[in-house]
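Going by full-length UniProt numbering, the residue at position 382 of the sequence shown is 382; the numbering climbs one at a time, nothing skipped.
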Amino acid sequence: MMCLALALSILFALGVFNTEKGNNLSAYVTYAVVFVLTWILSLIVVRSYERHLMGEGYNLYARIMTAGCIEFIVLCTCGYLAKYYFSRGILISAVVLAVFFTMLERWQMRRYLYRNRRRGEFDYATVLVGSPQGMSKMIDQLTSGKGQASGYKPIAICPVMMFPAADGKHHYRTYSSEELVQLNHDNQLDNLFDFPLIPFNSRFAERAQLHGAQTVLITDVLNIDSEMTRAFSLAVEARELELAMSASVAHIAGSNIILRQQSVMPILSASLSQYSLSTRIIKRFMDIVGSLLALIPTCLLIAIFGIAIKLEDGGPIFYAQERVGLYGRPFKIFKLRSMKVNADKLDAQLAAQEGVELGATFKVKEDPRVTKVGKFIRKTSIDEFPQFFNVLKGDMSLVGPRPQRDYEVASYNSLYSTRLLVKPGITGPWQIGGRSNLSPEEAEVLDVNYVENWSVLTDVAILIKTVGAVFHGDGAY
1 MMCLALALSI LFALGVFNTE KGNNLSAYVT YAVVFVLTWI LSLIVVRSYE
51 RHLMGEGYNL YARIMTAGCI EFIVLCTCGY LAKYYFSRGI LISAVVLAVF
101 FTMLERWQMR RYLYRNRRRG EFDYATVLVG SPQGMSKMID QLTSGKGQAS
151 GYKPIAICPV MMFPAADGKH HYRTYSSEEL VQLNHDNQLD NLFDFPLIPF
201 NSRFAERAQL HGAQTVLITD VLNIDSEMTR AFSLAVEARE LELAMSASVA
251 HIAGSNIILR QQSVMPILSA SLSQYSLSTR IIKRFMDIVG SLLALIPTCL
301 LIAIFGIAIK LEDGGPIFYA QERVGLYGRP FKIFKLRSMK VNADKLDAQL
351 AAQEGVELGA TFKVKEDPRV TKVGKFIRKT SIDEFPQFFN VLKGDMSLVG
401 PRPQRDYEVA SYNSLYSTRL LVKPGITGPW QIGGRSNLSP EEAEVLDVNY
451 VENWSVLTDV AILIKTVGAV FHGDGAY
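In structure tokens form, the structure reads like this:
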């Protein structure tokens, strides 16, 4: 990708606009060697070649953009130290194009990877360790359409029972096949009997390897602070098997973990760097600049479709509704009206009629309240354009969880309520992840994961992916 970017940059700079300049082959060879090597090193530094990263979505693109920033700095430094001054036009355009081309390339590779994983290829053979119920649920998740994208293919199980002992510590033993049959009285554990059983003992890692395992996935039961789990993890990793653990979205996995050796005892502290004052200032600056730039072209579209809305039923063009924002503070959200007047008063009635729950993810696919113009502006997300005024005002951000109403917030559990720790956004992981086609559980995971892991660069990646999601239109209704 860097070679392609460099070739286009040289062609653009010399072959098109400056044809009178002579060609210096040795200079171009030096460009190619230095640019390519430093680009690969930059991608290594941001860990873009790590296992599983290809399936992580916008985090991948954020790392590539970070690599582009590193590449630019490294090239400038190399040129200064070697007294070899690269053409500024070629340097800037090559780095920008390399980032763009690499993102396109990785996007195509992800699509290829997902297609093949649905056919059972490119998977990591995985042994599941945990309670029968936890493993059964995990098997269902990993073999579902979206779960296959993770690349973990169950090949064996290790059902574990935890019980307290006289020494006050937790001990573990393996369920026998007969005990599993007895537990399966309601047939909810049927999927466990499709896999061989590996005992939980000192030879576990050896036997997992004999089954062809590449990964050991702990679903539950094992305490990460127990001596048994520490010994188990050492045995697994010593045989070059990947050790993975199922973690809830509330886990501190997204935090910066620091081990502090205090005089009394070692203390493990966690912090989320994206909530620092400096990062919040950068995000707010992006919101102001982005909303101002977006309002220039969107004002014309707002005017055009505002007239169409007025002509259709004579009602108001804009729709203002109270939503819940940062830290639970209410604010007025602005949208182009896509429903009949006073449609929001029929929410409960429509939910009962359609047999769906009136809660945080309440959506009806064929909503009878949507007008003809409204159907189009919802599909294309034009109805959301007035929200750039909300962003400029500071009630919303360009990127974040979607803003919701009081009754929706009232249905949050303690974990989902963490979405109120960030400003709601015009776009976010929900919009690029499938929108209204997502189940409530999937939407919750995406939103809480954003709260835990957002950064300036992931925001940029989400904004880029939103363009494709809007044109695709999946889940927009």
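Here a beta-carbon is modelled for each residue, glycine too, at the ideal position from N, C-alpha and C.
Would you mind reading off the limits of the beta strand (DSSP E) that contains residue i?
| i | result |
| --- | --- |
| PHE331 | 330-336 |
| ILE218 | 215-218 |
| GLY151 | No beta strand (DSSP E) holds GLY151; DSSP gives it neither H nor E. |
| ILE426 | 425-427 |
| VAL320 | Residue identity differs from the one stated: residue 320 is Ala in this sequence, not Val. Taken as a continuous stretch (DSSP letters only), the beta strand (DSSP E) holding ALA320 covers 318-324. |
| MET371 | Looking at the sequence provided, one finds Thr at residue 371 rather than Met. Where THR371 is concerned, there is no enclosing beta strand (DSSP E), given that its DSSP letter is neither H nor E. |
| GLY130 | 124-130 |
| SER397 | 397-399 |
When the distance is taken between beta carbons, is residue j closer than 8 Å to residue i?
| i | j | result |
| --- | --- | --- |
| THR427 | VAL399 | yes |
| LEU241 | GLN214 | yes |
| LYS393 | ARG369 | no |
| residue 479 | GLY374 | Residue 479 lies beyond the range of the chain shown here (1 to 477); nothing can be said about it. |
| LYS283 | VAL456 | yes |
| THR174 | PRO199 | yes |
| ALA67 | LEU43 | yes |
| SER48 | ILE70 | no |
| CYS3 | VAL36 | yes |
| ALA294 | GLY212 | no |
| ILE317 | LEU301 | no |
| TYR450 | PRO429 | yes |
| TYR114 | ALA149 | yes |
| PHE385 | THR298 | yes |
Compare the Cα-Cα distances from residue i to each of the options and report the closest residue.
| i | options | result |
| --- | --- | --- |
| ILE139 | THR219, GLN209, ILE73, PHE100 | THR219 |
| ALA244 | LEU217, HIS171, TYR275 | LEU217 |
| GLU179 | LEU336, THR143, SER131 | SER131 |
| SER291 | GLN387, GLU312, PRO429 | GLN387 |
| ARG405 | SER150, LEU11, PRO330, THR466 | PRO330 |
| ALA94 | VAL34, TRP107, ARG118, ALA62 | VAL34 |
| VAL236 | ASN201, VAL36, SER246 | ASN201 |
| LEU60 | PHE204, TYR31, VAL36, THR102 | THR102 |
| ALA156 | LEU128, GLN182, MET162 | LEU128 |
| GLN141 | GLU442, TRP454, ASP459 | GLU442 |
| residue 478 | LEU97, VAL324, LEU222, PRO154 | This structure cannot settle anything about residue 478, because the visible part of the chain is limited to 1 through 477. |
| GLY145 | GLN321, LEU438, TRP107 | LEU438 |
Decide if residue i is buried, meaning its Cβ has at least 16 other Cβ atoms within 10 Å, or exposed.
| i | result |
| --- | --- |
| ALA250 | Residue placement at ALA250 is poorly supported in this model, since its pLDDT is 37, which falls under 50; the coordinates are not used for a value here. |
| LYS372 | exposed |
| LYS332 | exposed |
| VAL29 | exposed |
| ILE267 | Only weak support exists for where ILE267 lies, its pLDDT of 49 falling under 50; the value from the coordinates is given anyway. Its Cβ having fewer than 16 others within 10 Å, ILE267 is exposed. |
| residue 488 | Because the chain spans 1 through 477 in this model, residue 488 falls outside it and cannot be assessed. |
| THR77 | exposed |
| TYR152 | buried |
| LEU311 | exposed |
| SER176 | exposed |
| ALA208 | buried |
| ALA461 | buried |
| LYS21 | Annotation note: pLDDT 43 at LYS21 (below 50); position unreliable, no value reported. |
When the cut-off is 8 Å and only beta carbons count, does residue i lie next to chain D?
| i | result |
| --- | --- |
| ALA156 | Of the chains in the structure shown, none is chain D; there is only one protein chain. |
Determine the extent of the alpha helix (DSSP H) in which residue i is found, giving its start and end residues.
| i | result |
| --- | --- |
| VAL34 | 25-45 |
| LEU197 | Here LEU197 belongs to no alpha helix (DSSP H), and DSSP marks it neither H nor E. |
| ALA205 | 204-210 |
| ALA98 | 88-117 |
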